[in-house]
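Just so you know, the protein sequences line up as chains A, B and C, in that order. Going by numbering that gives the first Met the number 0, the first sequence opens with residue 0, and the numbers climb by one from there. Going by numbering that gives the first Met the number 0, the second sequence opens with residue 0, and the numbers climb by one from there. Going by numbering that gives the first Met the number 0, the third sequence opens with residue 0, and the numbers climb by one from there. For glycine and all other residues, C-beta sits at the position ideal for the given N, C-alpha and C.
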Amino acid sequence: MAQETQFVLNSFSFLIWGVLIMWMCAGFTMLESGSVRTKNASVICLKNVGLYAIAGLTFYLVGYNLMYVGVDNLIGGFRIFYGTSAEEQALLGGDAAAAAAVLENGNSVMSDWFFQMVFVATTSSIVSGTLAERVRLWSFFVFVAVLTAFIYPVVGAWTWGGGWLDQLGFQDFAGSTIVHSTGGWAALAGAIIVGARHGKYREDGSIKPTPPSNVPVVTLGIFILWMGWFAFNGGSQLALSGVVDAVAISNILVNTNLAACGGFIAAIALSRPIFGRTDLLASLNGAIAGLVAITAGPDIVDHYWAIIIGAVGGSICTLGMKMLERLRIDDVVGAISAHLFAGIWGTLAVCIVAGGNLLVQVVGILAVGAFVFSASMLTWVVIRKLMGVRVTLDVERHGQDVVELGIEAYPEFVVLQDPDL
Amino acid sequence: MAQETQFVLNSFSFLIWGVLIMWMCAGFTMLESGSVRTKNASVICLKNVGLYAIAGLTFYLVGYNLMYVGVDNLIGGFRIFYGTSAEEQALLGGDAAAAAAVLENGNSVMSDWFFQMVFVATTSSIVSGTLAERVRLWSFFVFVAVLTAFIYPVVGAWTWGGGWLDQLGFQDFAGSTIVHSTGGWAALAGAIIVGARHGKYREDGSIKPTPPSNVPVVTLGIFILWMGWFAFNGGSQLALSGVVDAVAISNILVNTNLAACGGFIAAIALSRPIFGRTDLLASLNGAIAGLVAITAGPDIVDHYWAIIIGAVGGSICTLGMKMLERLRIDDVVGAISAHLFAGIWGTLAVCIVAGGNLLVQVVGILAVGAFVFSASMLTWVVIRKLMGVRVTLDVERHGQDVVELGIEAYPEFVVLQDPDL
Amino acid sequence: MAQETQFVLNSFSFLIWGVLIMWMCAGFTMLESGSVRTKNASVICLKNVGLYAIAGLTFYLVGYNLMYVGVDNLIGGFRIFYGTSAEEQALLGGDAAAAAAVLENGNSVMSDWFFQMVFVATTSSIVSGTLAERVRLWSFFVFVAVLTAFIYPVVGAWTWGGGWLDQLGFQDFAGSTIVHSTGGWAALAGAIIVGARHGKYREDGSIKPTPPSNVPVVTLGIFILWMGWFAFNGGSQLALSGVVDAVAISNILVNTNLAACGGFIAAIALSRPIFGRTDLLASLNGAIAGLVAITAGPDIVDHYWAIIIGAVGGSICTLGMKMLERLRIDDVVGAISAHLFAGIWGTLAVCIVAGGNLLVQVVGILAVGAFVFSASMLTWVVIRKLMGVRVTLDVERHGQDVVELGIEAYPEFVVLQDPDL
C-alpha cells in the first residue's frame, strides 16, 4: 500500500472506532439509568454525560501527556495548549513539503489522541454504575477529574505509554486490566468509602432486592456496549495499514463476539442455580464480563478459546455478584464483578491460552490494583473530608433527582413508594 | 488500486457494516419491547439478547459451513474448530511470504464470517416479535438454535452459497427472501402452532386492541433498523475494492433510503382508510416494509422505482396487518406483514423493474417458503412435544416477566390492570 | 494515493458519515419525545420519523437540484428522475472505459447526494422540538415539505451551492448558520404563529414548569446527537483523499468534542445562578450549543479555542432559554437557544478566532435570518389559513396522542393529571 493510503486509513480507523467507543458512554448511561430506582435516574444520567465532558477536558489538559508523552518508567510529562504537530500545521497551511514529515508519524496526531480519549471515559463509567443512588453529584465529578487526569493516565503510562510494566512484557491488548480493572478498583474503593445504600443490607441479614427500574433501557445499554466493544478491541490494533491489520482486526471482532456469546450463555445457565431463577441482569452482565475477559487478548487466541474465556468470564461475574452481596459491598449494576473480576481473569487467560509470562501478568494485575485502589481510596477520603461523598438519608429517601436537580426522571408516572425508607 | 488496499478495504467494510447490522438486533429489541404489554417486556428483551448470543454460537459451530463451505446443490459441509486460514495464521505469525496467498482471497476470512453471522440474527429477531407474549423463553431459544444452525443455512446454501437456486439465476441481492421471508415463514409457522394471545380474538368476533406500551422505545427501534439497513444492503455489495463498488454502494444506500421513505408515506396515507385513523405502528411498519421490499435489488433499480417499490411494500404491509387480523393470526409487531409479505413483493419487484426471469423468482419464493415453513412447523411441533411452546393462561395473566424471570420491566410504575385477563 | 483509492475513500466516507448523521434524527426524536408531556409523546415520535421520510423525498424531487445544480447566484435548477451520471451507469453496465470519466468526479454522484440529504432532516428536526405539543401533525408535515424542498435549499444555494454568499467569502464550514440557524429561524417563526402551549405562561406572570417526562430518553438523545456530530462536522471536510483530509478531519473531531465538553461545563455551572439549581436540561442543551457553536469552523480553530467557543455557546444557550421565557416564546426543548443563538455565535466566532471578514459573516447571518424567518412566517401563515396550525384547547387537554393518533405513548402506566388544563 502507498504510504499515504496507510496514513489515511490509520487515521480514519482511529476516528471511526473512536466514535463508536464514545457511544459506549451512552451504553453505560442506559444500563445504569435503567438499573437504579426511578428517583435517582436523572442524576445518574447527568453524572454520565458529565463524566464524559470532564474526562474529555482533563485528558486534554493533563492526562494525555502524563500517559503518552515522554514516559520514562513511571509517568510522562505535562504540557498544555498542544495539538497538531508543527508539520501538520504547516501542511494544513499549504506547505506541501511538510507532507513527508507528517506521513512519518503513520497517522495524524489528533486521531490517536481522540482514540485514547474515549478510553478514559469508559473507566469513569464503571465507577458511576457501582456508586449510583448515594454518591453526591459534585463529589463524583471531582473524583472523575482525578481519575481521568491522574490515576488512569499513570496506569496507562506504565503500560501502553511504554513504562515499566510494558518493559516487563505485560500483555493487555485493549485493557482488561488497564481500563476495566482500573475502573473496577476505583469503583470498589468508592463502594467501601461511600457505603451501601440505606436499607440494602438489612439487620436480619437479608438483602433488599433492587431490580432494574426500566428493563428495556438496561437492555439497550447492553447492546450499545456490545456494539461499541467491536471498536474498543478492533481499534486497539492501532492501525489499518495493510493485510496484517485487516486479518488481525477481523479475528479480533469475531473473538469479541464469541466471548460475549459465551459469557451470556454461561451466566444465564449459572443464574438459575445461584439466584434461583433465570436472572436477566446476571445474564446481561455475563455478556459484558465475556467482553471484558476477551479484551486482554482478542488478537491472539483461537476462536473456540474465545468462547471459553468468555464463558468463564460470565461465570465469574455471576459468582462475583453473589459474593459481593455476601460481603455486603453494594454495587448497583454489578460493575465490579463484570469489569474487575472478569478483567483479572482475562488478563490471566490470555497468557494461559496464548503463552507469555504468567508471573508478569500477576505482577501487572497486583501493581495496577494496589496503585488504583490506594490512590482511589485516598481520593475518596479527601473528597469526603472536603465536601462529603454521600447524600443524606433524607436525600436517599426522596431521591437524588428531586433534591439535587429539582426534577424527577419520570414526573408524570405514578410511582410506588419504597416501603423501607 | 493496489491489491493490498483492496484487501484492506474489503475486509474493513465487511466489519464496519457488520457492526451496524449487529446493531439492528437492538432495533428489533426496542421495537418489540415497546410493542408488548409491560408485563412481558423483560422477557422479550432477554429473548433478543439471547437469540443473538445463540445465533453467534450456532452459526460458528454449525451454520456457516453448512451455508458456505463446499456447497454442491443443497448444502455445505460440517466442521468445527475452524477460523482463519493457514495462510493467515502464517502471516500473523510473521511469515511475510504468506501475504500473497492471503491477498488472493480478496478479504480476510473472518471478516466475511462476521458479516454473514450478523445476518443470521436478523432472521431470528423477526420470529421473536411475532411470537411475543406467549411463547416460552427456553422453547424459543431452542427454536432459534435450530433456525440458525440448520434452517437458515440451508436456504443460504441454495442461494448465496451457490446452490441450486443460485444456479437457476435467482436474484435476491441482500435477502428479501433469504433473510426476511425466511424469518417471516418461521414466524408464521410459530404463530400457527403457538396460537394467538389469550383474549386477542374475542368470541364476538371483535379484536382486542393491543397498542404499543412504550412508543418512544418502538420509534427508537425503527430508527435503529433504518440505520442498520444501510449496512445490510450496502454491505451486501460484498466488496469495496474499486470504483464500481463505490458507485454501486452509493446507489444502494440512496435506494434503500428512498424505499423506506416511500413505504412510510404510503402506509401513513393508507392507514387512515384502513384502520380509521393515522396509525403510528402501521406507518412505522411501512418504513420497515419499504426497506424489506428494496432489499432484493437495491443495486439495480432506478431511484424513482425505489420509491415505488417501497411504497407498494408499505401498502402491502398495511393491508397484510389487516388481513392477518381477519385470519386471526396473532402477530404482535406486524413482522409477518413487514418481512414476509413485503419480502415476497420485493423479490418479484426486482425482476419486474430491472429484468430477469420472473419464473425463477417465483420458484425461489415458493421453494424457500415451502422448506422454511415446513421445517419450522416440524421444529415447533417437536418442541411442543418435548417441552411445550406456550405459557399457561396463568402466566399470560400475570405476565411472563414475573413468572419466568421473577422481575418486572418497570417495577416502580403503577400499571393499569388488563380487564380481559 | 491512487486516484481510484481516493474515489473509493471519498465516496465511502460520505456514506458512513451520512449514516451517522441520519442517526441524529433518532437523537432529536429521543430528546423531544422525552421532553414533552407523555400525552404528546407518540405524536412527536411520528412527526420525527415523518419529517425524515418527507425530507428524503422532497430533497430528491426538488431540493437537491435547487441547492447544488446550476446555481448562479440565488438558486439552482429543477429536474426530476435524476440519479447516477451517464458515465456511472455505463460503468455499472460493464463499460470499463467509462471509469476514467467517473473518477474525474472525485466521488460517486449519489454518495454526495446521500450526505447532503441527511443534513436537510436536521433542519426540520429543530423545528419539531420547538413546536411540540401544540402544532398539528399534518400542518407540521406540510411545513417540513416546504422547508426541505425550498427554504433550506435556497440558503444552501447561496452558500454551499456557490451562490452570492459563498462568492462574498462567507465562512460556515458545516452549517452553524446554514443548517442550525436556518432550523432555529424556522422554529422561531413557528413559535410566534402557533403560540405558546395553553397554560405555559400564566396570567400572574409566572411560568408553568414543564420538565422532561422521560429523562433517560432525553439523555439518550443527547448522546446520539453528540455522536452524530462527529460525522456532521468530520464529513463536512467532503473528502478523505489524502494526508491533508486525514489531518483535518482528526482536528475537526477533537474540536467538536472539546466544544461540546466546554458547552456542557459552562451550562451546568451557569444553570445554578440562573435557574436556581443544577439544571439537567440546560446542561444537556449546553453540550448541544457547544456543538452548534463549533460547527462553523471546527477545521481551523486551535483546540483551546474550541473549548472556549463551546463554553460561550453553552452560556449563550442557558441565557437564551431564560430570555425566551421572559419573552413568553414557548420552545419546548430549548432548540432556538441551542441552534439559533449558538449558531449565530459560532458563525461570528470562527471569524474572530481564525480570521476572515467579520462583516461578511454578519451579512450572511442577517441575510439567512431575514430570508428564512420571513419565508417561514409566510409558510406558517398560509398553512394556518388553509388547514390550521394549532390543535384545539381540547386536544391540548387530552393530548395529541389520543386525539390525533388514537393511542397513548405509555398506555399502561397510570399518569398524573395535569391540574392546569
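What residues match up with residue 206 (chain B) in a beta bridge as DSSP calls it?
Bridge partners of residue 206 (chain B): B:200.
Whole angstroms is fine: what's the gap from residue 343 (chain B)'s alpha carbon to residue 74 (chain B)'s?
Answer to the nearest angstrom: the Cα atoms are 23 angstroms apart.
Please list the residues of the region 178-203 of chain C that have a C-beta atom closer than 9 angstroms to any C-beta atom in chain B, keeping them in chain order.
Within the region 178-203 of chain C, no residue qualifies.
Considering only residues of the same chain and omitting the five flanking positions on each side of residue 414 (chain A), which have a CB-CB separation below 7 angstroms?
So the qualifying residues of the chain are 37.
Which term fits residue 251 (chain C), buried or exposed, when burial requires 16 or more other beta carbons within 10 angstroms of its beta carbon?
By the neighbour-count rule (16 or more Cβ atoms within 10 Å), residue 251 (chain C) is buried.
Tell me which residue opens and which closes the alpha helix (DSSP H) that residue 272 (chain B) is part of.
Note, residue 272 (chain B): alpha helix (DSSP H), 242-274.
According to the neighbour-count rule (16 or more other Cβ atoms, all chains shown, within 10 Å of its Cβ), is residue 204 (chain C) buried or exposed?
Exposed, by the Cβ-count rule.
Between C:1, C:8, C:2 and C:0, which has its C-alpha nearest residue 245 (chain B)'s C-alpha?
Considering only alpha carbons, the answer is C:8.
With DSSP as the reference, label residue 134 (chain C) as helix, strand or coil.
Strand.
Cβ of residue 413 (chain B) less than 7 angstroms from any chain A Cβ?
Taking Cβ atoms only, chain A reaches closer than 7 angstroms to residue 413 (chain B), which makes this a yes.
Relative to the C-alpha of residue 104 (chain B), which candidate in B:228, B:85, B:119 and B:43 has its C-alpha closest?
Nearest C-alpha to residue 104 (chain B): B:85.
Can you give me the Cβ contacts of residue 138 (chain B) inside the same chain, cut-off strictly under 6 angstroms, excluding the 5 residues immediately before and after it?
Result list for residue 138 (chain B): 382, 386 and 388, in chain order.
For residue 348 (chain A), count neighbouring C-beta atoms within 10 Å of its own C-beta (all shown protein chains included) and say buried if the count is 16 or more, exposed if not.
With 16 or more other Cβ atoms within 10 Å, it is buried.
Please determine, among B:262, B:370 and B:231, the residue with the shortest C-alpha to C-alpha distance to residue 312 (chain B).
Closest option to residue 312 (chain B), Cα to Cα, is B:262.
Under 7 angstroms Cβ-Cβ, which residues of chain C neighbour residue 301 (chain B)?
Here the neighbours are 82.
Consider the Cβ of residue 121 (chain B): report whether some Cβ of chain A lies at a distance smaller than 7 angstroms.
No, residue 121 (chain B) lies away from the interface with chain A (no Cβ there is under 7 angstroms from its Cβ).
Residue 379 (chain C) and residue 248 (chain C) look like a contact to me (Cβ under 8 angstroms); what is the Cβ gap, rounded to whole Å?
Actually they are not in contact, since the Cβ atoms of residue 379 (chain C) and residue 248 (chain C) sit about 38 angstroms apart, beyond 8 angstroms.
Residue 28 (chain B) touches chain A at which residues, Cβ-Cβ below 7 angstroms?
Result: 218 and 222.
Name the DSSP beta bridge partners of residue 389 (chain C), please?
Answer is C:134.
Do residue 118 (chain C) and residue 70 (chain C) count as a contact pair if the criterion is CB distance below 7 angstroms?
No, Cβ-Cβ distance for residue 70 (chain C) and residue 118 (chain C) is not below 7 angstroms.
Taking only beta-carbon atoms, is residue 406 (chain A) less than 7 angstroms away from chain C?
For residue 406 (chain A), the answer is yes, since a Cβ of chain C falls inside 7 angstroms of its Cβ.
Between residue 125 (chain B) and chain C, is the shortest Cβ-Cβ distance under 7 angstroms, so that the two count as touching?
Output row for residue 125 (chain B): interface = no.
So residue 403 (chain C) contacts chain B; which residues on that side make the cut at Cβ distance below 8 angstroms?
Neighbours of residue 403 (chain C) on chain B, chain order: 277.
Leaving out the 5 sequence neighbours to the left and right, which residues in its chain are closer than 7 angstroms to residue 0 (chain B) when beta-carbon positions are compared?
Cβ within range, chain order: 240 and 241.
Could you say if the region 294-311 of chain C and the region 87-101 of chain C meet the contact criterion of at least three C-beta pairs nearer than 8 angstroms?
No contact exists between the region 294-311 of chain C and the region 87-101 of chain C.
In chain C, what lies closer than 9 angstroms to residue 289 (chain A) by C-beta?
Near residue 289 (chain A) there are no residues of chain C at all, since even the closest Cβ is about 24 angstroms away, more than 9 angstroms.
Check whether chain A comes within 7 angstroms of residue 256 (chain C), counting only Cβ atoms and requiring the distance to be less than that.
With 7 angstroms as the cut-off, residue 256 (chain C) counts as an interface residue toward chain A.
Checking 7 angstroms against the spacing of the C-beta atoms, do residue 331 (chain A) and residue 135 (chain A) come in under that value?
Going by C-beta atoms, residue 331 (chain A) is not nearer than 7 angstroms to residue 135 (chain A).
Excluding sequence positions up to five away, which residues of its chain have a Cβ less than 7 angstroms from the Cβ of residue 114 (chain A)?
Closer than 7 angstroms at the Cβ level, and outside the excluded window around residue 114 (chain A), lie 13, 16, 17 and 234.
Give the straight-line distance between the Cα atoms of residue 26 (chain C) and residue 353 (chain A), rounded to the nearest whole angstrom.
The straight-line gap from Cα to Cα measures roughly 42 angstroms.
Could you pull out every residue in the same chain whose Cβ sits closer than 6 angstroms to the Cβ of residue 68 (chain C), ignoring the five residues on either side in sequence?
Result list for residue 68 (chain C): 75 and 76, in chain order.
Measuring CB to CB, does residue 309 (chain C) end up less than 7 angstroms from residue 293 (chain C)?
Yes.
Give the DSSP-derived three-state secondary structure of residue 6 (chain A) in the structure shown.
Helix.
Give the C-beta separation of residue 265 (chain C) and residue 346 (chain C) to the nearest angstrom, bearing in mind that I take them to be a contact with Cβ-Cβ under 8 angstroms.
In fact, because the Cβ distance is near 19 angstroms, the residues do not count as touching under 8 angstroms.
At a Cβ threshold of 7 angstroms, is residue 66 (chain A) touching chain C?
Not one chain C Cβ lies under 7 angstroms of residue 66 (chain A).
Does DSSP classify residue 70 (chain B) as helix, strand or coil?
Looking at residue 70 (chain B) - three-state DSSP - the assignment turns out to be coil, as it is neither helix nor strand.
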